[in-house]
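Enquirer: So the number in our numbering is just where the residue sits in the sequence shown, counting from 1, plus 12.
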Amino acid sequence: MSAGGRIRRSVCALDCPDACAILVHVDGGRATKLRGDPAHPVTRGFLCAKVTRYLEREYSPDRLLYPLLRTGIKGEGRFRRISWEAALDLIAERLAEISRSYGPEAILPYSYAGTMGVLNGSSMDRRFFHRLGASRLDRTICAAAGSAALTASQGYRYGTDPEQFPRARLILAWGANILATNVHLWPFIVEARRRGARFYVIDPVRTRTAELADKHLALQPGTDLALALGMMHVIIGEGLYDAEYVAHHCLGFEELAELARAYPPERAASLTGLEPAEIVELAREYATRRPAAIRLNYGVQRTDFGGAAVRAIAALPALTGAWREPGGGLLLSTSHAFPLNRQALERPDLELASPLKRPARLVNMCELGKALTSLDNPPIKALVVYNSNPAAVAPNQNLVLEGLRRPDLFTVVIEQFQTDTADYADVVLPATTFLEHTDLYYSWGHYYLQLARPALEAPGEAKSNFEIFRLLARRMGFTEPCFEESEEDTIRAALSSGHPFLEGITFELLSREPWVRLRLGEPFLPFAAGGFATPSGKFEFGASALDFRPPIESRQGEEALRRRYPLELISLKSAEGLNSSFGHWPEVDRATSVARLNPQDAAARSVRDGDPVRLFNDRGSCVLTASIDANLQPGVVAVPSVRWARSCRGGRNVNALTSDRLSDLGGGAVFYSCLVEVTRCDDSYSPY
Numbered sequence: 013m014s015a016g017g018r019i020r021r022s023v024c025a026l027d028c029p030d031a032c033a034i035l036v037h038v039d040g041g042r043a044t045k046l047r048g049d050p051a052h053p054v055t056r057g058f059l060c061a062k063v064t065r066y067l068e069r070e071y072s073p074d075r076l077l078y079p080l081l082r083t084g085i086k087g088e089g090r091f092r093r094i095s096w097e098a099a100l101d102l103i104a105e106r107l108a109e110i111s112r113s114y115g116p117e118a119i120l121p122y123s124y125a126g127t128m129g130v131l132n133g134s135s136m137d138r139r140f141f142h143r144l145g146a147s148r149l150d151r152t153i154c155a156a157a158g159s160a161a162l163t164a165s166q167g168y169r170y171g172t173d174p175e176q177f178p179r180a181r182l183i184l185a186w187g188a189n190i191l192a193t194n195v196h197l198w199p200f201i202v203e204a205r206r207r208g209a210r211f212y213v214i215d216p217v218r219t220r221t222a223e224l225a226d227k228h229l230a231l232q233p234g235t236d237l238a239l240a241l242g243m244m245h246v247i248i249g250e251g252l253y254d255a256e257y258v259a260h261h262c263l264g265f266e267e268l269a270e271l272a273r274a275y276p277p278e279r280a281a282s283l284t285g286l287e288p289a290e291i292v293e294l295a296r297e298y299a300t301r302r303p304a305a306i307r308l309n310y311g312v313q314r315t316d317f318g319g320a321a322v323r324a325i326a327a328l329p330a331l332t333g334a335w336r337e338p339g340g341g342l343l344l345s346t347s348h349a350f351p352l353n354r355q356a357l358e359r360p361d362l363e364l365a366s367p368l369k370r371p372a373r374l375v376n377m378c379e380l381g382k383a384l385t386s387l388d389n390p391p392i393k394a395l396v397v398y399n400s401n402p403a404a405v406a407p408n409q410n411l412v413l414e415g416l417r418r419p420d421l422f423t424v425v426i427e428q429f430q431t432d433t434a435d436y437a438d439v440v441l442p443a444t445t446f447l448e449h450t451d452l453y454y455s456w457g458h459y460y461l462q463l464a465r466p467a468l469e470a471p472g473e474a475k476s477n478f479e480i481f482r483l484l485a486r487r488m489g490f491t492e493p494c495f496e497e498s499e500e501d502t503i504r505a506a507l508s509s510g511h512p513f514l515e516g517i518t519f520e521l522l523s524r525e526p527w528v529r530l531r532l533g534e535p536f537l538p539f540a541a542g543g544f545a546t547p548s549g550k551f552e553f554g555a556s557a558l559d560f561r562p563p564i565e566s567r568q569g570e571e572a573l574r575r576r577y578p579l580e581l582i583s584l585k586s587a588e589g590l591n592s593s594f595g596h597w598p599e600v601d602r603a604t605s606v607a608r609l610n611p612q613d614a615a616a617r618s619v620r621d622g623d624p625v626r627l628f629n630d631r632g633s634c635v636l637t638a639s640i641d642a643n644l645q646p647g648v649v650a651v652p653s654v655r656w657a658r659s660c661r662g663g664r665n666v667n668a669l670t671s672d673r674l675s676d677l678g679g680g681a682v683f684y685s686c687l688v689e690v691t692r693c694d695d696s697y698s699p700y
């Protein structure tokens with residue numbers, strides 16, 4: 013770096029629990045390198061492979077730099093450049109016209125976690141749509157079932173401090189491919205193992221994390237609930253539970269014990285595909301090797317009965333009293349520990365100033381295809397997409413694309429790249445990256461709040477989401493003062509909740525210090541003495557909701573469906589990409605273009621390594637390349653997700669197969685409850 017160079021601070025905004033503190037090396041106004049801040053207690057001086065290379069995305073020649081207007085048919089991706097004034101005028105005019113003609117609920121926003129920044133993810137945008145009276149989006153595609161499960165069982169949706177993991181003597185990574193999706197937890201696990209801890213992975217797929225574990229328990233997909241019940245059978249039956257903790261801090265133990273008696277290791281083994289002795293050994297070790305920590309991730313809850321599975325797994329540390337000890341307990345997310353003033357950020361009260369004068373209807377984002385093709389009273393006539401790429405990531409892809417092709421659907425996409433969804437837009441607006449705007453960041457994997465200022469100038473005419481929705485509010489004639497607030501004003505409002513966890517954390521403090529730990533007390537033992545935020549004030553086992561049932565597509569009466577589609581599809585997270593965010597990188601495209609098959613399943617279908625294969629069910633099909641993997645258990649197909657559909661033969665990716673059914677709790681997505689068949693196809697084959 014030249015003498016004129018400098019280092020600026022930023023925070024990674026990607027949908028990852030680590031929320032890394034980043035040092036940006038800048039020379040002559042251009043970033044030359046990104047590295048993790050070595051002083052941050054969790055980032056510890058390194059970044060994941062994706063963010064280490066993020067400047068390739070930042071300076072990509074494919075960045076969207078100017079507003080665009082569609083010139084071709086929807087899906088072709090043909091556009092011409094227009095001015096911001098023309099784009100904003102057109103959008104405001106069409107939204108106003110649709111609101112007058114059909115009512116404001118005919119307008120639907122669609123967004124998720126394309127940025128984890130508070131300002132650009134859930135502030136000015138929410139104010140805008142509340143004031144407009146647009147349909148509300150139920151943002152359930154990722155974590156809804158697990159969040160609902162923790163709310164029902166323990167009230168608060170936070171858990172073991174990741175910085176306490178080195179104190180654990182047993183760590184279970186349950187459905188958590190830590191090296192791919194939570195890599196900054198790994199050094200804490202390494203430290204725990206150096207101190208003598210054992211590290212086990214429970215996952216249907218032998219991931220890189222599983223390869224490095226002391227033990228890998230490869231259960232059948234969707235049977236996590238049965239395994240947890242089998243463990244409870246042993247723990248309760250052998251008197252290994254913490255009777256004092258259960259008596260004082262838990263509700264519903266007798267009902268849970270009765271349910272667990274119905275799941276002896278032999279039955280749990282028949283359901284999970286594990287050996288009875290494995291289940292007995294795991295249960296005994298979990299209950300007696302203290303402290304024991306569970307790192308649970310969200311894959312477990314992306315099944316038909318994923319909410320029940322999370323409730324059952326979350327019951328284990330309550331049953332054994334693991335919450336008493338530093339390094340014990342369970343971590344799914346820390347996000348609920350950040351009690352920001354959401355009312356001030358999002359202003360739901362503005363709905364009373366909308367034409368509706370009431371809260372608008374709620375549309376589940378997992379059912380986008382249904383919303384665009386069959387919702388009425390009123391139908392969806394306008395779609396505004398930001399922080400997401402539903403044409404690639406939403407389930408039941410064929411129905412979603414059918415809706416996006418509607419000529420009468422006015423679609424606006426705010427993006428950094430020409431994604432699958434942008435191809436269907438009427439207007440595309442260029443968005444900034446996290447290196448180019450101000451934002452406030454919480455984490456769902458640690459307990460530090462962070463503020464980031466722009467480290468780089470935005471290229472071309474790119475604008476932040478925050479600024480775009482402020483400009484649209486002016487165009488729509490919204491005069492409420494909240495639409496004129498600055499980023500600083502909004503951050504101050506966010507910090508104004510008065511919650512003890514935010515005591516003394518001000519805008520000035522965040523401006524001076526690169527990160528600030530929540531006021532949690534040390535060590536943070538959230539449930540050592542109970543204190544659960546349920547109606548009873550206790551951990552609620554909820555045994556009536558836990559009885560294991562197999563996935564809906566294979567339950568009794570639907571055996572014929574399993575005969576037609578005998579393979580379980582797991583569209584697991586890609587280690588190379590992050591959802592669809594890096595789909596424009598060739599190596600990510602290659603990594604997400606394969607379908608992993610066990611040699612036994614491949615041989616039964618005359619499939620060889622490298623063959624083009626068609627995956628199909630009643631919802632659709634996609635063509636991928638076979639990768640024969642002896643480490644994958646029979647009966648399972650594993651596809652890293654999610655490839656851009658435009659790169660696939662036939663224009664469909666793995667979400668042409670996934671269902672838009674909703675999970676048992678929270679209305680979440682069931683990506684991992686999916687039956688398919690696989691056949692070899694020759695080079696001339698096209699499914700469409």
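Just so it is clear, CB atoms sit at the ideal spot from N, CA and C, and this is done for glycine as well.
How big is the Cα-Cα spacing for ALA615 and THR315?
Expert: So the two alpha carbons sit approximately 28 Å from each other.
Enquirer: Using a beta-carbon distance below 8 Å, is LEU100 in contact with chain C?
Expert: Reference to chain C is not applicable here, since this structure consists of a single protein chain.
Enquirer: I'd like the list of long-range same chain contacts for PHE544, defined as Cβ closer than 6 Å, with 5 residues on each side in sequence excluded.
Expert: Once the five neighbours on either side are set aside, the close Cβ partners of PHE544 are GLN166, GLY167, LYS550 and PHE551.
Enquirer: If we ignore side chains and look at the alpha-carbon of each, how far apart do GLN612 and PRO646 end up?
Expert: Distance between the alpha carbons of GLN612 and PRO646: 7 Å.
Enquirer: Out of curiosity, what's the CA-to-CA distance linking ARG418 and LEU395?
Expert: In a straight line, the C-alpha of ARG418 is about 11 Å away from that of LEU395.
Enquirer: Grouping DSSP H, G and I as helix and E and B as strand, with all else coil, what is TRP198?
Expert: If DSSP states are grouped into helix, strand and coil, TRP198 belongs with the helices.
Enquirer: Within 10 angstroms of the Cβ of GLN428, are there 16 or more other Cβ atoms? Answer buried if so, exposed if not.
Expert: Its Cβ being crowded by 16 or more others within 10 Å, GLN428 is buried.
Enquirer: Reducing DSSP to helix, strand and coil, say where TRP335 ends up.
Expert: Three-state result, TRP335: helix.
Enquirer: Using the rule of at least 16 other Cβ atoms within 10 Å of the residue's Cβ for burial, across every protein chain shown, is ARG576 buried or exposed?
Expert: So ARG576 counts as exposed.
Enquirer: Measuring alpha carbon to alpha carbon, tell me which of SER633, LEU421 and PRO338 ends up nearest LYS86.
Expert: Minimum Cα distance to LYS86 is reached at LEU421.
Enquirer: Excluding sequence positions up to five away, which residues of its chain have a Cβ less than 6 Å from the Cβ of ASN667?
Expert: Contacts found: PRO407 and GLN409.
Enquirer: Judging by CA-CA distance, which residue of ARG302, VAL405, ARG69 and ILE392 is the nearest neighbour of TYR114?
Expert: Ranking ARG302, VAL405, ARG69 and ILE392 by Cα distance to TYR114 puts ILE392 first.
Enquirer: Can you tell me which of LEU677, LEU609, THR332 and ASN665 puts its alpha carbon nearest to the alpha carbon of ALA650?
Expert: Ranking the options by Cα distance to ALA650, first place goes to LEU609.
Enquirer: According to DSSP, simplified to helix, strand and coil, what is HIS37?
Expert: Of the three classes helix, strand and coil, the one that applies to HIS37 here is strand, per DSSP.
Enquirer: Note down, in chain order, each residue of its chain lying with its Cβ closer than 7 Å to the Cβ of GLU401, except the 5 sequence neighbours on either side.
Expert: Inspection of the sequence shows that residue 401 is occupied by Asn rather than by Glu. So the qualifying residues of the chain are THR431, ASP432, THR433 and SER592.
Enquirer: Considering only the alpha carbon of each residue, which of ALA222, LEU483 and PRO466 lies closest to SER523?
Expert: When only C-alpha atoms are compared, the closest one is PRO466.
Enquirer: Which term fits GLU379, buried or exposed, when burial requires 16 or more other beta carbons within 10 angstroms of its beta carbon?
Expert: GLU379 comes out buried.
Enquirer: Hey, could you find the ends of the beta strand (DSSP E) LEU636 is sitting in?
Expert: Start and end: 632-640.
Enquirer: May I ask you to list the residues that DSSP assigns as paired with THR691?
Expert: Looking at the DSSP assignment, THR691 forms a beta bridge with ARG626.
Enquirer: Could you have a look at LYS382 and say whether DSSP puts it in helix, strand or coil?
Expert: LYS382: helix per DSSP, three-state reduction.
Enquirer: Tell me whether ASN376 sits in a helix, a strand or coil according to DSSP, three-state version.
Expert: Strand at ASN376.
Enquirer: Which residues mark the beginning and the end of the beta strand (DSSP E) in which GLY340 is found?
Expert: It is not in any beta strand (DSSP E) - GLY340 carries neither H nor E in the DSSP assignment.
Enquirer: By the 10 Å Cβ neighbour count, where 16 or more other Cβ atoms means buried, how is SER22 classified, buried or exposed?
Expert: Under this definition SER22 is a buried residue.
Enquirer: Give a yes or no on contact between the region 318-328 and the region 150-161, applying the rule of three or more CB pairs nearer than 8 Å.
Expert: The region 318-328, when compared against the region 150-161, does touch it at the 8 Å Cβ threshold.
Enquirer: From what residue to what residue does the beta strand (DSSP E) around HIS260 run?
Expert: Here HIS260 belongs to no beta strand (DSSP E); instead the alpha helix (DSSP H) covers 255-261.
Enquirer: Can you grab the Cα-Cα spacing for the pair LEU411 / THR670, in whole Å?
Expert: Spanning the two alpha carbons is a distance of roughly 11 Å.
Enquirer: Kindly give me the distance between the Cβ atoms of ALA326 and LEU268, rounded to whole angstroms, as I take these residues to be in contact under 8 Å.
Expert: Not really, about 12 Å apart at Cβ, beyond 8 Å.
Enquirer: Would you list the one or two residues that DSSP bridges to LEU149?
Expert: LEU149 pairs with VAL375.
Enquirer: Are ALA25 and GLY129 closer than 8 Å when you measure CB to CB?
Expert: Against a cut-off of 8 Å, the Cβ pair of GLY129 and ALA25 comes out as a contact.
Enquirer: How would you call ALA607, buried or exposed, if buried means at least 16 neighbouring beta carbons within 10 angstroms?
Expert: Label assigned to ALA607: buried.
Enquirer: Going by other Cβ atoms of all chains shown within 10 Å of its Cβ, with 16 needed for buried, is ALA31 buried or exposed?
Expert: Per the 10 Å Cβ criterion, buried.
Enquirer: In chain order, what residues of the same chain have a beta carbon less than 6 Å from the beta carbon of VAL600, not counting five sequence neighbours either side?
Expert: If we look at VAL600 and ignore the five residues flanking it on each side, its Cβ neighbours are GLU588, GLY589 and PHE594.
Enquirer: Quick check on this structure: which residue in LEU294, LEU102, PRO121 and PRO199 has the alpha carbon closest to the alpha carbon of VAL375?
Expert: Ranking the options by Cα distance to VAL375, first place goes to PRO121.
Enquirer: Beta strand (DSSP E) containing VAL606: first to last residue?
Expert: It spans 606-609 - the beta strand (DSSP E) in which VAL606 sits, taken as one unbroken run.
Enquirer: CB-CB under 7 Å to TRP96, same chain, minus the five flanking residues each way: which ones, in chain order?
Expert: Same-chain partners within the cutoff: PRO79 and GLU473.
Enquirer: Nearest CA to the CA of LEU581: which residue from SER618, PRO652, GLY533 and LEU558?
Expert: Out of SER618, PRO652, GLY533 and LEU558, PRO652 has the C-alpha closest to the C-alpha of LEU581.
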